[in-house]
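Here's the structure, in structure tokens; my notes come after.
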Amino acid sequence: FDYLRNRFLPMIENKRMELHVRTAESLILHGDEDLLRSLFVNLIENAIKYTPEGGTVVIHAKNKGEFAQIQVMDNGIGIPEQHVPFIFERFYRVDDSRTRSQGGTGLGLSLCKWIAEVHKGTIEVHSKPEQGTTVTVSL
Ligand code: ATP
Ligand code: MG
């Protein structure tokens, strides 16, 4: 998480955003370090990309039973309900001028889902337009 904080601090400051990281001290993730890193890099990239200036990104990691639960939350543009079932598909992007004004290929979340699944984990999205998005990863 220090790696993630340091990596994204310049982007966060550029957009006058805030990044809050809350992690349980005893949290241990078992898995491929590079893959898990790119999973969270992609989620945080999205959270920053799809949140207007001055917004906030919160990373919350805790133990939940035998799982580690990591949430990446933003208070950005959100995802209209009808698009949510598709956003893990390769190349899928919400067809919206605010999304299109941001670069991207639509591959990030499909990679995240693949990485979660090879770790026998799950990934879920809850989102409300204009309010924000929470992605929950359980590993
Ligand atoms: P890439 O990650 O390949 O650069 P991308 O960000 O468009 O491109 P994904 O990360 O797969 O692709 O996300 C798919 C789509 O889901 C995005 O285009 C965007 O419409 C929507 N989306 C993903 N994360 C968020 C978020 N945090 N807030 C709002 N919309 C999001
Ligand atoms: Mg992305």
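Positions in the sequence shown are counted from 1; adding 41 to them yields my numbering.
Beta carbons: idealized from backbone N, C-alpha and C, even for Gly.
Per DSSP, reduced to three states, the secondary structure at His71 is coil, with no helix or strand assignment.
In this structure, the C-beta of Thr140 approaches the ligand ATP to less than 7 angstroms from one of its heavy atoms. Within 7 angstroms of the C-beta of Leu150 there is at least one heavy atom belonging to the ligand MG.
When only Cα atoms are considered, Glu59 and Met114 end up about 12 angstroms apart. Within the same chain, and ignoring the five residues on either side of Lys154 in sequence, the residues whose Cβ sits closer than 6 angstroms to its Cβ are Phe129 and Ile164.
Secondary structure at Met52: helix, using DSSP grouped into helix, strand and coil. The secondary-structure analysis by DSSP pairs His167 across a beta bridge with Thr175. Boundaries of the alpha helix (DSSP H) around Arg139: Ser138 to Arg141. Residue state for Ile111 is assigned as strand, using DSSP reduced to three classes. Proximity of the stretch 139-151 to the stretch 82-95 meets the contact definition, three or more beta-carbon pairs being nearer than 8 angstroms. For the pair Gly95 and Gly173, the CB atoms are not nearer than the 8 angstroms cut-off.
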